Amino acid sequence: MTTADAAAAAPESTAAPESSRDLRMESLTKTFGTFVAVRDLDLTVPRGSFFALLGPSGCGKTTTLRMVAGLEQPTNGHVYLGDDDVTDVRPYKRPVNTVFQNYALFPHLTIFDNVAFGLRRRGRKNVREEVVEMLDLVELGSQTNKKPSQLSGGQQQRVALARALINEPEVLLLDEPLGALDLKLRRQMQIELKRIQLEVGLTFVHVTHDQEEAMTMADTIAVMNSGVIEQMGPPSELYENPATTFVANFLGQSNLIRGEVVGSNGTELRVDVHGSKIGVSRERARVQEGPVWVGVRPEKVYIAAAGEEDSAEANKVAGGTITDTSFIGVSTQYLVKMPWGEELTVFEQNTGARTVFGPGTSVDLHWSRPHTFVLDAEQDATAGVETVDDAP
Amino acid sequence: MSVGQVASELEHEPEPDPAEVEEPEGGRRYTGYLLIIPGLVWLGLFFLVPFYSLVATSLYDPAGTVFSGYEMTWEWSNYTTAITDNWEPLLRSFVYGGLATFFCLLLGYPLAYAIAFKAGRWKNLMLVLVIAPFFTSFLIRTISWQLILADNGFVVETLQWLHILGEDGRLLNTPFAVVTGLTYNFLPFMVLPLYASLERIDHRLIEAASDLYASPIRGFAKVTLPLSMPGVVAGTLLTFIPAAGDFINAELLGRPSDSMIGNVIQGYFGGGNNYPDAAALSLVLMALILVMVIVYVRRAGTEDLV
């Protein structure tokens, strides 16, 4: 068991090897000309954890990874392994290995020689045994004498993983490792990677733009945007209580409705949403007064015929009209046009207990107070909305 | 494309049965063969016919002259005379050609490497500069080296002043001058294929080597150099073959005693009027180079190149 919490709370008891240390970045900055790729980044990755850097392309996540690997020199700031400053250590002297995007396998070497590369450079003795053992771990024991071009994408991916893992690095960096694989293989490899990580207990830092991939594998996710970390935490926390509109939209989908804080009673804020009064706990509100975004996840919303009574505790916005009903097997997705013109999304599980509403039906939307979150109205409500090609 | 390949393509005559053709447009099937015709005609006129003529000439009676005409007497002895009389220039050609190739590789590899990996936005300009000498005639460039290496030239005087060269030491009309000329003249033939193969190398592979504990030198030896081998093989072939057969450099920069096989052949054809021996010697040179190239390519393990 190596969750980030456990590693942070009781470092001595994790499965991580004795030699493994925390990876720490301190006000790390990288600029290319006038473009700031990474801005003043502070980040600690506890040893033995599976850490994901999640963000859209160009957000600086790969640059961050490359600075940890030593392939990019930071403009400012430091990278530490434990207490050692490795900022100026050459890449070939760092106890860090990378699984490159598109793998970067040596095309002129066999699978065996590819995997043996790192061991040989360090003059290890039992190269053959170690390589055979590692290739068995990734189930490629029968392919040792082939060249990379003779393998399938999934097999190449596992060679790339084996080539890095065999060196037992303190930190294993994975740069979009599954990006080139098709969906089915990607799911398979996600589970495989997670299994291997638990087995070897190394620190994995995984860079991806695929939120589902990050949530499947990582203990801790840091969502990056425009060179800064927007929010960091366990996947469920990020999903249930996003801190910014970017996180709310990039990790899953969100309904964001314009509102105004009109009062409070101790632990709860009262927010006016186009005439309806709703409640939200102060803990889930990122701003405590003035104009806000009121957020709720589509699957948390209960769709009801207009006028149908629900418990008084629930938040409610009335007067919607269904504009689209899509039946997609496990759930039905509704688009509901509200009186103020905004279209909200509702996912409803197909339990069979409820009737499906057709387009044109007048409905009210209900959701429970603990599922509400409140964000700063200064932020762009469409930040981080996924583009078509990334949609799950 | 070799003659053999062309011949084998001709053997695959298109099937006459139109029902079996997958493409609806019958004309398109023949387009490829039509396009080959100019190449075939060219090869026939300027390679096959002259080659046949050369082989025939090499077997004529050497007693004849251009003016009195030659008789076909199947003189196989032309070959033995050609070799026994000229083994020295023959050997010298391969030594000079080999040395020039070696120096071209020594100078050309770092240059190609710099252009491919370090030149940045100057890349195209540098490539143009590599080819720029071709805008001047080969002959004029070689004659310029006579000036550079002349006895009272700057280079010789500097070397004499530094006591690297003796009082009456010289550079012009020495084997050194010949190899220098060959190296200079054929350098672009080395640099361009080297550049092409270095440029193709995925930069991430070099990063991967560095990530896997290879110092820059080890990374070069284990990744960059092996991946550039096709360029090294192509470059050395393109340099060695013409350099070994060259006669201009030996003629203009060397003494008669430094003559290469090209000078001998030229002498036979030109002043000597000895066509049969010249033809035999040409064919010997061709055969030797062909054998060396085959052995070399096999050794280098890049059969797919040829």
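In the order they appear, the protein sequences are chains G and F. Following this note's numbering, the numbering of the first sequence begins with 1 at its first residue and continues without gaps. Following this note's numbering, the numbering of the second sequence begins with 1001 at its first residue and continues without gaps. The C-beta atom is built at its ideal place from N, Cα and C for all residues, glycine as well. Given the structure is predicted, the values throughout are model-derived calculations rather than measurements.
Contact list for the region 104 to 119 of chain G against chain F, Cβ threshold 7 Å: Residues are counted here when their Cβ sits less than 7 Å from a Cβ of chain F; for the region 104 to 119 of chain G these are Ala104, Phe106, His108, Phe117 and Gly118, given in chain order.
Backbone secondary structure at Ser264 (chain G) - three-state DSSP: The residue labelled residue 264 (chain G) in the question sits at position 264 within the first sequence. Strand at Ser264 (chain G).
Uninterrupted alpha helix (DSSP H) stretches inside the region 193 to 227 of chain G (no shorter than 4 residues): Taking only runs of at least 4 residues, the alpha helix (DSSP H) segments lying wholly in the region 193 to 227 of chain G are 211 to 217.
Do Thr44 (chain G) and Arg66 (chain G) have their beta-carbon atoms positioned less than 8 Å apart in this structure? As a first step, residue 66 (chain G) is located in the first sequence; it is residue number 66 there, counting from the start. As a first step, residue 44 (chain G) is located in the first sequence; it is residue number 44 there, counting from the start. Their beta carbons are not under 8 Å apart, which means Arg66 (chain G) does not touch Thr44 (chain G) by this criterion.
Looking at Leu1059 (chain F): is its Cβ nearer than 8 Å to the Cβ of Asn1078 (chain F)? Against the second sequence, residue 1059 (chain F) aligns to sequence position 59. Against the second sequence, residue 1078 (chain F) aligns to sequence position 78. Yes, the Cβ-Cβ distance between Leu1059 (chain F) and Asn1078 (chain F) is below 8 Å.
Confirm, please, whether the CB-CB distance from Thr98 (chain G) to Asp1202 (chain F) is below 8 Å. Taking the second sequence and counting its residues from 1, the one referred to as residue 1202 (chain F) is at position 202. Taking the first sequence and counting its residues from 1, the one referred to as residue 98 (chain G) is at position 98. Taking 8 Å as the Cβ cut-off, Asp1202 (chain F) and Thr98 (chain G) do not qualify as a contacting pair.
Between the region 295 to 315 of chain G and the region 369 to 388 of chain G, can you find at least three pairs of beta-carbon atoms closer than 8 Å? Short answer: they touch.
Look at Val171 (chain G) and Thr203 (chain G) and say whether their C-beta atoms are less than 8 Å apart. For the purposes of this step, residue 171 (chain G) is taken as the residue at position 171 of the first sequence. For the purposes of this step, residue 203 (chain G) is taken as the residue at position 203 of the first sequence. Yes; because the gap between Cβ atoms is below 8 Å, this pair is in contact.
Can a CB atom of chain F be found closer than 8 Å to the CB of Pro91 (chain G)? Here residue 91 (chain G) refers to the residue found at position 91 of the first sequence. Taking Cβ atoms only, chain F reaches closer than 8 Å to Pro91 (chain G), which makes this a yes.
Using a 10 Å radius around the Cβ and a threshold of 16 neighbouring Cβ atoms, would you call Gly384 (chain G) buried or exposed? Translated into the one-based positions of the first sequence, residue 384 (chain G) becomes position 384. Counting the other Cβ atoms within 10 Å of the Cβ of Gly384 (chain G) gives 16 or more, which makes it buried.
Whole angstroms is fine: what's the gap from Phe1090 (chain F)'s alpha carbon to Thr1065 (chain F)'s? For the purposes of this step, residue 1090 (chain F) is identified with residue 90 of the second sequence, where counting begins at 1. For the purposes of this step, residue 1065 (chain F) is identified with residue 65 of the second sequence, where counting begins at 1. In the sequence under discussion, the amino acid at residue 1090 (chain F) is Leu, which differs from the Phe named in the question. Each residue's Cα considered, the two are about 25 Å apart.
Name, please, each residue of chain G whose Cβ falls closer than 9 Å to the Cβ of Ser1215 (chain F). The residue given as residue 1215 (chain F) occupies position 215 in the second sequence. Going along chain G in sequence order, the residues near Ser1215 (chain F) (Cβ under 9 Å) are Arg90, Tyr92, Lys93 and Arg121.
Bridge partners for Met1072 (chain F) per DSSP, in chain order? Mapped onto the second sequence, residue 1072 (chain F) falls at position 72. F:Tyr1060.
Validate contact between the region 82 to 102 of chain G and the region 1190 to 1208 of chain F using beta carbons, cut 8 Å, 3 pairs: The region 82 to 102 of chain G, when compared against the region 1190 to 1208 of chain F, does touch it at the 8 Å Cβ threshold.
Other residues of its chain near Lys337 (chain G): CB distance less than 6 Å, five sequence neighbours each side excluded: To locate residue 337 (chain G), count along the first sequence from 1; it is residue 337. Once the five neighbours on either side are set aside, the close Cβ partners of Lys337 (chain G) are Thr321, Thr323 and Glu343.
Contact residues within the region 57 to 90 of chain G, judged by C-beta distance below 7 Å to chain F: For the region 57 to 90 of chain G, which is checked against every Cβ of chain F, the residues closer than 7 Å are Ala69 and Leu71.
Chain-ordered neighbours of Ala1208 (chain F) on chain G, where CB pairs are closer than 7 Å: Along the second sequence, one-based indexing puts residue 1208 (chain F) at 208. Under the 7 Å cutoff, chain G gives Phe100 and Ala104.
So within the region 45 to 117 of chain G, which uninterrupted beta strand (DSSP E) runs reach at least 3 residues, ignoring any that extend past its ends? Counting only unbroken stretches of 3 or more residues, the beta strand (DSSP E) elements lying wholly within the region 45 to 117 of chain G are 50 to 54, 76 to 81 and 96 to 99, in sequence order.
Range covered by the alpha helix (DSSP H) that runs through Pro973 (chain F): Residue 973 (chain F) cannot be examined here, being either before or after the span of chain F that is shown, 1001 to 1306.
Validate contact between the region 1214 to 1225 of chain F and the region 1236 to 1245 of chain F using beta carbons, cut 8 Å, 3 pairs: Three or more Cβ pairs closer than 8 Å define a contact, and the region 1214 to 1225 of chain F falls short of that threshold against the region 1236 to 1245 of chain F.
Would you identify the three-state DSSP class for Asp1168 (chain F), choosing helix, strand or coil? For the purposes of this step, residue 1168 (chain F) is identified with residue 168 of the second sequence, where counting begins at 1. Correct three-state label for Asp1168 (chain F): coil.
Nearest neighbour of Gln178 (chain G), chosen from G:Leu165, G:Gln156 and G:Asp40 [CA to CA]: Residue 178 (chain G) sits at position 178 when you count from the first residue of the first sequence. Sequence inspection shows Leu at residue 178 (chain G); the Gln mentioned does not correspond to that position. Of the residues G:Leu165, G:Gln156 and G:Asp40, the one whose Cα lies closest to the Cα of Leu178 (chain G) is G:Gln156.
What residues of chain F sit near Asn97 (chain G), judged by a beta carbon separation below 8 Å? Mapped onto the first sequence, residue 97 (chain G) falls at position 97. Asp1211 and Leu1212, listed in chain order.
If you run the structure through DSSP and keep just helix, strand and coil, what is Tyr1296 (chain F)? Along the second sequence, one-based indexing puts residue 1296 (chain F) at 296. DSSP places Tyr1296 (chain F) in the helix class (H, G or I) of the three-state scheme.
In angstroms, rounded to a whole number, what distance separates the CA positions of Tyr1113 (chain F) and Tyr1195 (chain F)? On the second sequence, residue 1113 (chain F) is found 113 positions in, with the first residue counted as 1. On the second sequence, residue 1195 (chain F) is found 195 positions in, with the first residue counted as 1. Counting only the Cα atoms, Tyr1195 (chain F) lies some 7 Å from Tyr1113 (chain F).
Measuring only between beta-carbons, confirm whether Leu1040 (chain F) sits less than 8 Å from chain G. Translated into positions along the second sequence, residue 1040 (chain F) becomes position 40. For Leu1040 (chain F), the answer is no, since every Cβ of chain G falls outside 8 Å of its Cβ.
What residues are listed by DSSP as bridge partners for Pro291 (chain G)? In the first sequence, counting from the first residue as 1, residue 291 (chain G) sits at position 291. Under DSSP, Pro291 (chain G) takes part in a beta bridge, and its partners are G:Glu260.
Test item: CB-CB of Arg163 (chain G) and Gly118 (chain G) under 8 Å: Taking the first residue of the first sequence as 1, we reach residue 163 (chain G) at position 163. Taking the first residue of the first sequence as 1, we reach residue 118 (chain G) at position 118. Taking C-beta atoms as the reference points, Arg163 (chain G) and Gly118 (chain G) count as a pair closer than 8 Å.
Give me the chain G residues within the contact set of Pro1133 (chain F), using Cβ-Cβ distance strictly less than 8 Å, ordered along the chain. Numbered from its first residue, the second sequence carries residue 1133 (chain F) at position 133. Those within 8 Å of Pro1133 (chain F) in chain G number zero; the least Cβ separation is about 34 Å.
Can you give me the Cβ contacts of Val228 (chain G) inside the same chain, cut-off strictly under 6 Å, excluding the 5 residues immediately before and after it? Within the first sequence, numbered from 1, the residue matching residue 228 (chain G) stands at position 228. These residues qualify, in order along the chain: Arg39.
So the beta strand (DSSP E) His331 (chain G) belongs to, where does it begin and stop? Counting from 1 along the first sequence, the entry for residue 331 (chain G) is found at position 331. A quick correction: the sequence has Ser, not His, at residue 331 (chain G). It spans Ser331 to Lys337 - the beta strand (DSSP E) in which Ser331 (chain G) sits, taken as one unbroken run.
Chain G within 8 Å of Leu1194 (chain F), Cβ atoms only: Taking the second sequence and counting its residues from 1, the one referred to as residue 1194 (chain F) is at position 194. Not one beta carbon of chain G lies nearer than 8 Å to the beta carbon of Leu1194 (chain F).
May I ask which residues mark the beginning and end of the alpha helix (DSSP H) holding Phe1176 (chain F)? Working through the second sequence from its first residue, we reach residue 1176 (chain F) at position 176. Here the alpha helix (DSSP H) through Phe1176 (chain F) covers Pro1175 to Glu1199.
What are the complete alpha helix (DSSP H) segments, minimum 4 residues, inside the region 1250 to 1300 of chain F? Counting only runs of 4 or more, we get 1261 to 1269 and 1275 to 1300.
Rounded to whole angstroms, how far is the Cβ of Gly1254 (chain F) from the Cβ of Pro1175 (chain F), which I believe are closer than 8 Å? Sequence index remark: in the second sequence, residue 1254 (chain F) carries index 254 (1-based). Sequence index remark: in the second sequence, residue 1175 (chain F) carries index 175 (1-based). For a cut-off of 8 Å, the C-beta gap from Gly1254 (chain F) to Pro1175 (chain F) is around 7 Å, short enough to register as a contact.
List the endpoints of the continuous alpha helix (DSSP H) containing Glu1157 (chain F). Taking the first residue of the second sequence as position 1, residue 1157 (chain F) is located at position 157. For Glu1157 (chain F), the uninterrupted alpha helix (DSSP H) run begins and ends at Phe1154 to Trp1161, by DSSP.
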